[in-house]
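Heads up: the protein sequence lines correspond to chains A and B, in order.
First residue of the first sequence: 4, per my numbering; consecutive thereafter.
First residue of the second sequence: 13, per my numbering; consecutive thereafter.
From the three backbone atoms N, C-alpha and C, an ideal C-beta is built for every residue, glycine too.
In what follows, a single structure is set out as structure tokens and then discussed.
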Amino acid sequence: MTEHSETPALRLEGIVKTFPGVRALDGVDLEVRAGEVHALLGENGAGKSTLMKVLAGMHQPNEGRIILEGREVRMANPMDAKAQGVVLIHQELSLCDGLSVAENVYLGELPHTKWGFVDWSTLHARTDEILKKLNCNFDARTRVSDLSIARQQMVEIARALTVDAKVVVFDEPTASLTDAEKVVLFDVIKDLRARGVGIVYISHRMDEIFSLSDRLSVLRDGSYRGTKVTAETDEDEVTRMMIGRSLTHEKNTDTVEPGAVALEVRGLSCGKLFRDVSFEVRRGEVVGFYGLVGAGRTEIAETLFGLRTPTAGTILLDGEEVRISGPLDAISRGISLVPESRKEQGLVLGMSCRDNMTLPQIGDLTTGPFVSNGAEIAIYDQYRDRLDIRSPSWRQAVGNLSGGNQQKIVIGKWLAMKPQVLIVDEPTRGIDVGAKGEIHKLIRTLASQGYAVIVISSEMPEVLHVSDRVIAMYSGEVIRSFGVGEVTEDSLVQAISGIRPDRAA
Amino acid sequence: MASARLKGIGSLLARQGILIAFALFLLGFAAFSDSFSDADNLMQVVRQSAIIGVIAIGVTVVVISGNLDLSVGSMLSFATVMVVDLHDKIGPVPAIAVMLVAVLVLGCINGFLVGVLKLNSLIVTLGMLSAIQGLTLIYSGGQNVDIADQEATWFSLIGRGSFLGIALPIWIFGTLAIFMHVVMSTTAFGRRVYAVGGNPTASVFSGIRRTHVVFAAYMISALCVGIAALILGSRVGGSQNNVGQGYELQVLAGVILGGTSLLGGSGTILKTVIGVLILGFIQNGLLLLGFAYYVQWLVTWVVIILAVWLDIAAKRGRLLSPIA
């Protein structure tokens with residue numbers, strides 16, 4: 004750790020942020036010293052991104068104080084935060100592709116002459132100076148669209164340096180970088196640290212956190228779980244802080260004797276999205292797919308559902324090789340997909356509950372040319388009761404329901420198809436704890452009724468809670484497959500970070 | 013839930029607001045013009061609205077599917093010129109058949125470009141608007157066409173005849189409206205159109221073939237234009253090359269006034285019928301009050317903009333957008 008002054012660069016005290024129905028941050032404290040790399044950890048949904056958005060002025064906190072170099076401040080908006088020296092480097096790049104590097108770096112504050120024209124020479128000179136500090140080997144005039152992702156990220160960082168940055172937040176900066184590019188990024192971060200900038204580093208990857216950070220803080224379920232000096236802790240302790248001790252008790256303990264293999268996948272590949280994936284799912288079994296965002300899990304689901312065409316490999320349903328030509332084909336073969344994003348992919352929000360639920364089979368519910376009202380209502384009533392969907396009437400537009408009830412409509416829609424294989428992608432994203440529990444119970448019930456179920460989730464407790472087997476993926480490849488008896492949090496975290504069992508042992 | 017209900021009431025008020033304004037217009041017209049509330053005049057307005065109405069039925073299907081069709085005006089010119097021109101050359105039945113096939117081919121082109129190639133419907137149909145106008149002039153060589161002996165052909169009855177005291181165009185308009193309303197509200201096809209317009213991605217994830225649905229919507233729109241061309245060609249007994257010019261905006265005005273959202277996924281055929289009739293009555297009333305015909309252009313668009321604003325204001329619960 005480098006030298007630091009007595010006053011921390013940044014202190015957050017008792018930050019509370021609520022959204023309708025959710026307490027996203029519940030009294031979070033965080034202290035970042037000048038000249039340190041402070042890692043921020045937590046599961047998906049623990050509140051890291053919300054906290055950083057509060058810091059960068061994108062959200063206003065309901066309670067709590069932001070203290071910058073000993074002075075309490077209010078961040079009106081991101082520009083205001085930047086002017087005060089707090090810069091957020093986003094997970095997703097937010098650059099204008101068609102403009103030059105210099106224009107992007109000084110976007111919104113281009114230097115101009117007294118006539119109002121852009122002062123190109125000043126702009127390019129200033130930008131080149133910043134790029135030199137970052138050891139970038141491209142110049143200010145380059146078009147952003149001509150740069151690799153890693154270099155575009157450098158442009159994002161260069162943006163941060165146009166002001167006298169006191170705190171720079173990196174949100175999952177290495178998600179799309181190659182190993183060589185990471186080295187360059189880490190050098191830049193260390194360089195910023197040496198200059199006395201306070202750095203917040205958000206990442207899921209333990210190896211990066213332990214090699215880079217000086218201290219680390221953990222969030223869980225929107226509340227602060229403590230801060231450790233990195234050198235004085237280890238992955239085990241941090242994992243426990245992130246997940247909580249209750250985890251081990253929440254493992255699935257049902258032992259259903261699985262039936263015949265319903266779905267088998269051999270060497271399935273789809274371009275760069277995933278490679279050589281093989282697994283099988285039996286009737287009565289829940290197989291959990293766990294991994295980081297972008298590990299290729301959703302893409303596998305979409306391939307099985309006919310939305311993507313595999314480039315290699317075979318899919319077998321009940322032992323018979325099949326080619327799935329599209330969603331309609333997948334549905335007729337008994338595959339159902341509850342998609343990742345219920346609002347974009349799962350529901351027509353303006354339509355009624357009933358109409359949404361019967362949509363995939365509407366063509367089969369006809370008497371003569373007309374859709375049979377009675378048949379539709381019968382299906383809706385059946386799954387409303389079975390899934391305990393709370394809606395004043397089937398006529399209610401789905402958009403007016405709570406997230407949990409919306410998700411149940413999507414699940415009901417696909418159960419009503421009586422699938423052989425049910426794929427559920429992020430079944431509980433964005434819904435409250437109570438509804439989560441119900442949906443988990445439902446998934447277990449479905450398996451015990453003989454469905455072959457695949458659950459894709461980014462939440463470890465969820466995967467452990469519902470699965471009979473867990474498949475860990477990293478960057479498009481299956482790293483390891485666990486039975487529920489042998490899986491531990493540690494081994495799972497290692498597997499989804501790309502550490503194979505032979506290396507880990 | 014309470015806020016949803018409030019929103020419902022708000023949007024109902026906005027909807028009623030248009031109807032109330034419409035009622036005030038009608039009362040005003042009735043008070044100041046002796047002939048407006050005359051039964052013959054009212055019937056005439058409905059008959060005159062039939063051509064726009066028939067086209068608006070097809071365009072409503074396209075709009076519910078989440079797309080636009082601006083090519084209907086010039087498609088109407090093309091179809092009318094063709095059916096009138098061919099009438100004397102090959103006889104009425106073949107002429108009608110050839111014309112219907114021709115508009116369906118144009119509908120196919122729209123459907124292919126928007127449905128299959130997924131191009132922006134505004135650009136595609138705006139381009140088709142101009143392309144079909146060119147096609148019409150190429151076909152006719154710039155000459156206006158007419159039917160030589162209009163008294164001698166049953167073709168003239170389509171636009172001029174009547175049955176049970178009601179003009180045939182009204183019968184056609186009414187029958188088509190009821191038929192398409194039933195199709196849209198009770199068949200699987202109708203449901204799919206609403207789903208695709210409401211959320212194209214979710215529709216694909218539900219096994220709906222979006223391409224087919226959009227394609228079919230444009231075919232329906234083209235077919236409706238063909239039927240409208242029968243009424244128009246028969247009524248006039250001849251056709252100018254640009255007879256349908258500006259119809260696309262009148263049609264769209266009726267659809268919007270009826271309350272069908274241009275974003276897709278909502279609206280009904282019946283609403284469009286009401287919208288088209290409102291438009292017809294306002295324009296007729298203004299004429300009877302002695303305003304020049306171009307005044308109706310102005311008033312029509314003021315009414316439409318007001319309607320759209322009220323609709324949006326009711327949805328967001330305030331008159332101005334919360335985001336600057």
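In this structure, the CA atom of B:G271 is about 11 Å from the CA atom of B:L322.
For the stretch 354-383 of chain A, residues whose beta-carbon sits nearer than 8 Å to a beta-carbon of chain B comprise M354, D358, L362, P363, I365, G366, L368, T369, P372, F373 and V374.
Under the three-state reduction of DSSP output, B:D81 falls in the coil class, being neither helix nor strand. Taking 8 Å as the threshold, the shortest C-beta distance from A:I446 to chain B does not fall below it. A Cβ of chain A is located within less than 8 Å of the beta carbon of B:V216. Residue state for A:D32 is assigned as strand, using DSSP reduced to three classes. Taking 9 Å as the Cβ-Cβ cut-off, the stretch 335-349 of chain A approaches chain B at S335, L340, P342, S344, R345, K346, E347, Q348 and G349, given in chain order. For A:G262, same chain residues with a beta-carbon under 6 Å away, outside a window of 5 residues either side, are R285, R286 and G287 in chain order. For B:F217, the enclosing alpha helix (DSSP H) covers residues P212 to F217. Of A:L425, A:Q87 and A:L134, the smallest CA-CA separation from A:V341 is found for A:L425. The distance from the Cβ of B:G277 to that of B:G210 is about 3 Å, consistent with a contact at the 8 Å cut-off. The criterion of a C-beta distance shorter than 8 Å is satisfied by B:G238 and B:L112.
With a cut-off of 8 Å on Cβ pairs, the stretch 342-351 of chain A is not in contact with the stretch 380-399 of chain A, counting fewer than three such pairs. Under the DSSP assignment, A:Y383 falls in the alpha helix (DSSP H) whose first and last residues are N376 to L390. Within the stretch 291-359 of chain A, the complete alpha helix (DSSP H) segments of 4 residues or longer fall at 300-307 and 330-335, listed in chain order. With fewer than 16 neighbouring CB atoms inside 10 Å of its own CB, B:Y306 falls in the exposed class.
Excluding its 5 nearest sequence neighbours in each direction, B:F44 has C-beta neighbours in its own chain below 8 Å: L301, listed in chain order. Here DSSP, grouped into helix, strand and coil, assigns A:I365 to helix.
The C-beta separation of A:F282 from A:V481 comes to about 7 Å, placing the pair in contact by the 8 Å criterion. DSSP, read as helix, strand or coil, puts A:K231 in strand. Annotated three-state conformation of A:V241 is helix, per DSSP. For A:R472, DSSP records a beta bridge to A:V290 and A:G486. By the C-beta criterion, the stretch 215-227 of chain B is judged not to be in contact with the stretch 96-108 of chain B, since fewer than 3 inter-stretch pairs fall below 8 Å.
Rounded to the nearest whole angstrom, the C-alpha separation of A:R144 and A:H127 is 7 Å. Taking the C-beta atoms as reference points, A:L164 is found no nearer than 8 Å to A:I192. For A:V104, the closest of A:E159, A:L71 and A:G50 by C-alpha to C-alpha distance is A:E159. Counting the other CB atoms within 10 Å of its CB gives A:D391 a total below 16, which places it among the exposed residues.
When CB distances to chain B are screened at a threshold of 9 Å, the residues of the stretch 312-338 of chain A falling below it are G329, P330, L331, D332, A333, I334 and S335, in chain order. Exposure of A:V296 is indicated by the presence of fewer than 16 other C-beta atoms within 10 angstroms of its C-beta. Looking at the DSSP output, A:Y204 sits in a beta bridge with A:A42 and A:F173.
By the CB criterion at 8 Å, B:T284 and B:G266 fall inside the cutoff.
Straight through space, the alpha carbons of B:A68 and B:S233 are spaced by roughly 8 Å. Within 10 angstroms of the beta-carbon of A:I382 lie 16 or more other beta-carbons, which makes it buried.
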